[in-house]
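Comments concern the structure below.
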Amino acid sequence: MGESPPSDCKERIRSAFDNVAAHISNIAALQMLIEELVNECVSIDSVVRDLESRMDGVEITLRTDMRILINEIQHLKERKSFR
């Protein structure tokens, strides 16, 4: 299946963030990161790669929050591909 257009990418990233917001500790830091990523969003996969590359060297709780978000993004992507 092909990559999502940027508008769908932005919508899915924001939706994933909304879904996990209640479960993360560093909501402000992650929200700022999401806004940056959404503005640069080319594809879901590129956002996931970008998030993974930013995990190195960050505080462990923020890294866990980022992993939670990545998992939700991938879950939404897989769910949509089965429709």
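Residues 244 to 326 (my numbering) make up the sequence shown, in order.
Backbone N, C-alpha and C define an ideal beta-carbon position, used for all residues, glycine too.
Looking at residue j and residue i, is the spacing between their C-beta atoms short of 8 Å?
| i | j | result |
| --- | --- | --- |
| arginine 255 | isoleucine 311 | no |
| aspartate 308 | serine 258 | no |
| alanine 272 | leucine 294 | no |
Let me check understanding here. Comparing Cα to Cα, which of the options lies closest to residue i?
| i | options | result |
| --- | --- | --- |
| histidine 318 | Gly300, Asp288 and Leu280 | Asp288 |
| valine 301 | Ser286, Leu276, Arg322 and Val281 | Leu276 |
| aspartate 251 | Val263, Asp261 and Val281 | Val281 |
| glutamate 332 | Asp299, Phe260 and Lys323 | The displayed coordinates of the chain run from 244 to 326. Any statement about residue 332 would go beyond what the structure contains. |
My guess is that residue i and residue j are in contact by the Cβ rule of under 8 Å, so how many angstroms apart are they, rounded?
| i | j | result |
| --- | --- | --- |
| valine 291 | isoleucine 313 | 6 Å |
| lysine 320 | cysteine 284 | Rounded, the Cβ-Cβ distance is 13 Å, inconsistent with contact. |
Task: Ranges of the alpha helix (DSSP H) found wholly within the segment 252 to 276, counting only runs of at least 4 - done: none
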